[in-house]
């Protein structure tokens, strides 16, 4: 039995020691987005090493802009699902062999802006699926021959801004057979010579070698025949171009010569040398080109399939009539940042398939008045010119145009034609000086979908201003000076979905009228940074948004002057579809509890920067669909308002910059779906009050406390400024494991002792048990006052029954009339023996023990005398009478320690052998029974019979 119990306990201990917690959702210095396949963002956190305990199923890891100096293979253990890793902008100088061996699924690796000096063999081994490797802006000077041997699927390699001064040093990179794009810009390369490359991947199609001080470009071998894009822009020296065989660049489609240090004639020579290529795109920006040359004519003559010509940043003032006569396939033309003041109608007459035209950042004072020959034109950019008045005429000039950018001019007037059915969909009139647009938009703009009017000088909107814009979906009026909007200003805009009225001068008075009437499709309304203010939260007679039943986003944040101060209780009446509300920085300290009863579908609510002292629990009880709650920068000292309702869908709670000391489990219980919690800049306490919070953050697998490892203690003063996570919560909790260990050890030890005692001293244990039980009963009865039923309880052994019934009972009951308590006669049937013994002894004035050899051998007799002796000692009463039927030697009394003590201390009677002495014997017993003193009497009547 003992061995089985011990085995069971030991097994339980082993199982307990094997219990392990799951991975924590808290990673120091990181935010985790997503659960099944998370994205871990740890950028700009001042980290000096790769974070530990990253989720094993992480697919994207960003630890850029930190201070990490070393990365090792163990940093990325078990990240077998990782697809993308950004370690750029750190201080890594060396990467060892097989550092990335635990990342078999990695596809994109960014190591840019570090201090790596060399790429050694084995550095990138085991990255079988890597397609993009960025090593830009390091200090790489050497590349081992087998540095990229373990990258069979590498397609994009970035080596720009390093110390690779020759193409020979880059030879290993060009040999990667799967490589498609290589970036070697800003490497201080002096020469670009194909003779320095022994082999180039046939899959390579793009080379970016810009911003190098090339003095010569020598294409003397055919290893670049498959290159389709070559970027040699912004060379710092005069370049000597040498193409010995035109077909050595036969695959070239796109060429970037922007900012190359060559005169126009030399640029022309380069273009003419490419006789075996069929260029489709060329960048000739920032080359100081002017009207004097025939470069563009020659360009299109030699490359008639050109689709894109970029001529921005030159010195063109005008083009000849035949400049583009050979560019009949041109789709995009950029002549921005030149010196045009006027563009002749005939300039573009040959560009019948042109789709995009940019004349931005010039000095135009009028727009081209006839573009009818450019029947394919869809997008035109005339921004940042000197246009003051624009009249879109009723010709077919703009019939096909879909996007027109007139922003950044000096327009005070804009008119569109009454006639026509133009295709214009996007019109940008922003950043001008428009004062009045009441007659600007006529019937020709029925297909317009987006209208930008931001940063003008509009102070009012008149009725029917936009009535012809029946297809309009987006209207931007931000940063004007609007004070008044007449009723009916938005007539006709039944399809409008987004209306931006932020940064104007709208007031409470502006919204009294039903200005939003008819906007039945409106989904987004922005009213931030206006002058809205309300004296109280009393209901309005005409709530401003009653007509906006489809509105999903409303922004009221950052009102000027004193802010809104109050929000009327029925302010949001009608917004039954509202999903997002931004009401931060409005100086509203108290919200009426009925404020959000009109927005039951609200999902995102921002009440930040309002100095709210307390939130009425009734305020948010109707928002059962709330998923995001932002209450940053208020004066809240508790989040107990969360207990008023069950926010079963709340995912994100931000309470940054309040007066919170803690976050409790009671509050969390009402947020069953919470995934993100942000409590930065609160005066949290480093005390046992936050024991649960700290432990929960570090162990919970569902909710992430954003920036937790940046939280600082505010109290007590001795810990102010310390990080909250460093607080030792062990000081607040019992060491359960240690207590379990000690308890188990003590339990096992006690069981072993008990089993041992039971095995070898069974009877002594039983004896002690009953003695102890007697003691308890004795203590209990000691507190009671008894009306005795008997004069004496007779304690005897069954072998002495004959003497008891023949001698004792007749003499004491019949002769002296004492009432005796006898086992067989007076014990209560069915009652436990020990209870009968104790009750009988305490129900009797005296206890008479009939001592014989048999008595000493009886367990029950021993118990009886034990209980009687306890009564003797506790009551300090002379209640015990000892009658010896025979002489008992001392050696037989030795095992009965209590008996020997009694005999030495108390007088006793011995049954006389001479029958003539019997009357005296019973007389003395009678005297002992008559003695009623409560104190032990050393002059007892029995003293004379002590023999």
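Residue numbers (mature numbering (1 follows the signal peptide of the UniProt record, and there is no 0)): -24 to -1, 1 to 923.
All C-beta atoms in this analysis are idealised placements derived from N, C-alpha and C, irrespective of residue type, glycine included.
Three-state secondary structure assigned by DSSP to residue i
{"i": "residue 884", "result": "coil"}
{"i": "residue 230", "result": "strand"}
{"i": "residue 638", "result": "coil"}
{"i": "residue 379", "result": "strand"}
{"i": "residue 925", "result": "The question about residue 925 has no answer, for the chain in this structure spans -24 to 923."}
{"i": "residue 273", "result": "helix"}
{"i": "residue 764", "result": "coil"}
{"i": "residue 205", "result": "strand"}
{"i": "residue 873", "result": "Its pLDDT being 46, under 50, residue 873 is placed unreliably by the model, and nothing is read from it."}
{"i": "residue 94", "result": "strand"}
{"i": "residue 366", "result": "strand"}
Residue j beta carbon less than 8 Å from that of residue i
{"i": "residue 262", "j": "residue 234", "result": "yes"}
{"i": "residue 859", "j": "residue 826", "result": "yes"}
{"i": "residue 491", "j": "residue 476", "result": "no"}
{"i": "residue 15", "j": "residue 35", "result": "yes"}
{"i": "residue 265", "j": "residue 287", "result": "yes"}
{"i": "residue 173", "j": "residue 134", "result": "no"}
{"i": "residue 494", "j": "residue 530", "result": "no"}
{"i": "residue 187", "j": "residue 145", "result": "no"}
{"i": "residue 200", "j": "residue 176", "result": "yes"}
{"i": "residue 82", "j": "residue 58", "result": "yes"}
{"i": "residue 575", "j": "residue 551", "result": "yes"}
{"i": "residue 899", "j": "residue 823", "result": "no"}
{"i": "residue 629", "j": "residue 596", "result": "no"}
{"i": "residue 991", "j": "residue 819", "result": "Outside the modelled stretch of the chain, which goes from -24 to 923, sits residue 991, for which no answer is possible."}
{"i": "residue 386", "j": "residue 399", "result": "no"}
{"i": "residue 357", "j": "residue 375", "result": "no"}
Length of the line joining the Cα atoms of residue i and residue j
{"i": "residue 336", "j": "residue 304", "result": "22 Å"}
{"i": "residue 39", "j": "residue 166", "result": "35 Å"}
{"i": "residue 659", "j": "residue 684", "result": "13 Å"}
{"i": "residue 412", "j": "residue 434", "result": "6 Å"}
{"i": "residue 694", "j": "residue 704", "result": "14 Å"}
{"i": "residue 904", "j": "residue 897", "result": "11 Å"}
{"i": "residue -4", "j": "residue 566", "result": "Residue placement at residue -4 cannot be trusted, given a pLDDT of 39 that sits under 50; what the coordinates show is reported in the next sentence. Straight-line Cα distance between these residues: approximately 44 Å."}
{"i": "residue 656", "j": "residue 665", "result": "18 Å"}
{"i": "residue 102", "j": "residue 128", "result": "10 Å"}
{"i": "residue 247", "j": "residue 346", "result": "32 Å"}
{"i": "residue 459", "j": "residue 483", "result": "7 Å"}
{"i": "residue 466", "j": "residue 440", "result": "6 Å"}
{"i": "residue 330", "j": "residue 307", "result": "4 Å"}
{"i": "residue 873", "j": "residue 842", "result": "Because the pLDDT at residue 873 is just 46, under 50, the model does not fix this residue reliably, and the value given afterwards should be weighed accordingly. In a straight line, the C-alpha of residue 873 is about 11 Å away from that of residue 842."}
{"i": "residue 73", "j": "residue 98", "result": "5 Å"}
{"i": "residue 202", "j": "residue 168", "result": "17 Å"}
{"i": "residue 84", "j": "residue 130", "result": "9 Å"}
{"i": "residue 161", "j": "residue 260", "result": "18 Å"}
{"i": "residue 44", "j": "residue 68", "result": "6 Å"}
{"i": "residue 55", "j": "residue 256", "result": "44 Å"}
{"i": "residue 816", "j": "residue 888", "result": "28 Å"}
{"i": "residue 37", "j": "residue 24", "result": "16 Å"}
{"i": "residue 365", "j": "residue 506", "result": "29 Å"}
{"i": "residue 884", "j": "residue 737", "result": "32 Å"}
{"i": "residue 353", "j": "residue 360", "result": "20 Å"}
Neighbour-count burial assignment, residue i, 16 or more Cβ in a 10 Å radius
{"i": "residue 351", "result": "exposed"}
{"i": "residue 315", "result": "exposed"}
{"i": "residue 519", "result": "buried"}
{"i": "residue 692", "result": "exposed"}
{"i": "residue 801", "result": "exposed"}
{"i": "residue 139", "result": "exposed"}
{"i": "residue 11", "result": "exposed"}
{"i": "residue 223", "result": "exposed"}
Beta carbon proximity, residue i to chain C, threshold 8 Å
{"i": "residue 221", "result": "Going by chain labels, chain C is absent from the structure shown, which holds only one protein chain."}
If contact is defined by three or more beta carbon pairs under 8 Å, each pair taking one atom from either stretch, is the stretch 85 to 99 in contact with the stretch 110 to 121? Put simply, the stretch 110 to 121 touches the stretch 85 to 99. At least three CB pairs are less than 8 Å apart.
Check whether the stretch 289 to 304 and the stretch 320 to 339 touch, using three or more Cβ-Cβ pairs below 8 Å as the test. Verdict: yes, contact present.
Answer yes if the stretch 780 to 796 comes into contact with the stretch 829 to 839, meaning at least three C-beta pairs across the two stretches below 8 Å, and no otherwise. By the criterion of at least three beta-carbon pairs nearer than 8 Å, the stretch 829 to 839 is not in contact with the stretch 780 to 796.
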